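Colleague: Numbering (the UniProt record's numbering), first residue to last: 1 to 80. I have a structure I would like to understand better, so I am pasting it below and will then ask my questions one at a time.
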Amino acid sequence: MDLVYLSGKLHRYDAGAIPILIQLLKNKDVALQEQASWALGNIAGDGDYYRNMVIHAGVLKPLLNTLLINSEGVTAKVKP
């Protein structure tokens, strides 16, 4: 299953998907980091409860580190 399409599968969040996705943010594979970022964003977008779950699981530091390390790639994807 594509990591990005976890949205709508709420029972998987409660089964431990969030910590695993956060660990994937630390992987050296940039494509995997991107997929994990999208999946975590989709989870957080499912409502306050899941947003708080993602934040309390410790997503902020690994996510910011991923953005800083890959800043050139992030900038290239944002530009029109």
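Quick reminder that beta carbons are idealized off the backbone N, C-alpha and C, glycines included. Please read all numbers here as calculations on a predicted model, not as lab measurements.
May I have the straight-line CA-CA distance separating G41 from A57, to the nearest angstrom?
Modeller: Their backbone Cα atoms lie some 13 Å apart in a straight line.
Colleague: Cβ of V54 within 8 Å of Cβ of I20?
Modeller: No, Cβ-Cβ distance for V54 and I20 is not below 8 Å.
Colleague: Label Y49 either buried or exposed according to how many other C-beta atoms from any shown protein chain fall within 10 Å of its C-beta, with 16 as the threshold for buried.
Modeller: Exposed: under 16 other Cβ atoms inside 10 Å.
Colleague: Using a Cβ-Cβ cut-off of 7 Å (strictly less than) and excluding sequence neighbours within five positions of V59, which residues of its own chain qualify?
Modeller: Contacts found: I22, L40.
Colleague: State the Cα-Cα distance for the pair K26 and D46, rounded to the nearest angstrom.
Modeller: Approximately 23 Å between the Cα atoms of the pair.
Colleague: Where does Q31 land, buried or exposed, given buried means 16+ other C-beta within 10 angstroms?
Modeller: With the sequence shown as reference, residue 31 is identified as Ala, and Gln is not the correct amino acid for it. A31 should be labelled exposed.
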